[in-house]
Amino acid sequence: EGGRYHPSTCEPRSRTAVIIPHRNRETHLGHLLYYLHPFLQRQQLQYGIYVVHQVGPGGVVSPGGGLHRGRCRRCQPPVSPQAGNSTFNRAKLLNVGVKEALKDEEWDCLFLHDVDLIPENDHNLYTCDPWNPKHVSVAMNKFGYSLPYPQYFGGVSALTPDQYMKINGFPNEYWGWGGEDDDIATR
Numbered sequence: 001e002g003g004r005y006h007p008s009t010c011e012p013r014s015r016t017a018v019i020i021p022h023r024n025r026e027t028h029l030g031h032l033l034y035y036l037h038p039f040l041q042r043q044q045l046q047y048g049i050y051v052v053h054q055v056g057p058g059g060v061v062s063p064g065g066g067l068h069r070g071r072c073r074r075c076q077p078p079v080s081p082q083a084g085n086s087t088f089n090r091a092k093l094l095n096v097g098v099k100e101a102l103k104d105e106e107w108d109c110l111f112l113h114d115v116d117l118i119p120e121n122d123h124n125l126y127t128c129d130p131w132n133p134k135h136v137s138v139a140m141n142k143f144g145y146s147l148p149y150p151q152y153f154g155g156v157s158a159l160t161p162d163q164y165m166k167i168n169g170f171p172n173e174y175w176g177w178g179g180e181d182d183d184i185a186t187r
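Following the UniProt record's numbering, the numbering of the sequence shown begins with 1 at its first residue and continues without gaps.
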């Protein structure tokens, strides 16, 4: 139903929430959701996908009207006229997405997922390491299948809810592109 799935033939190996910060990338979002649903179902996961939209001037996040669950093919997410003119705050969107996801269900794993990255291999398991946060997008085609720098933690990362709480979420003061992932890597 919508952005949720529970395998009917087995106990899921994990209960994973995928949080996707989004602004003005409807084409990317459509492609990601088209590929992500069957990818996660093949892994026999119970999952929920949370697309968090930035709306309003100054990067204000609308947790009610800005959070949508489900597939982009059936409904187009609303785009605020101000959304394209405000500075993007990925970290704040991720924090809102995690908060909303944890209100819905007790997830084992939180996947923080950029809208423009699609998993290329079914061996990329969308499960968490119970001991350490996990950087999942360690080989991306846009970087020649290597990391741009050793401590890079951007793109797609996985944390348990406890790990997320221990680092106190993402820092909300990073506006524009970059910085918040490096901050998390040092935590």
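Built from N, CA and C at the ideal position, the CB exists for glycine as well.
It should be emphasised that the depicted structure is a prediction, and the values quoted were computed from it without experimental measurement.
Counting the other CB atoms within 10 Å of its CB gives residue 160 a total of 16 or more, which places it among the buried residues.
The beta carbon of residue 113 sits closer than 6 Å to the beta carbons of 18, 20 and 156 from its chain, once the five residues preceding and following it are set aside; these are given in chain order. Of 130, 53, 131 and 144, the smallest CA-CA separation from residue 94 is found for 53. Here residue 121 is exposed. Its C-beta has fewer than 16 other C-beta atoms within 10 Å. In the DSSP assignment, residue 48 falls within the beta strand (DSSP E) that extends over 46–53. Membership of residue 39 in the alpha helix (DSSP H) is indicated by the continuous run 26–42.
Distance from the CA atom of residue 14 to the CA atom of residue 153, rounded to whole angstroms, is 22 Å. The straight-line gap separating the alpha-carbon atoms of residue 25 and residue 115 is approximately 8 Å. Spanning the alpha carbons of residue 111 and residue 22 requires a straight line of approximately 14 Å.
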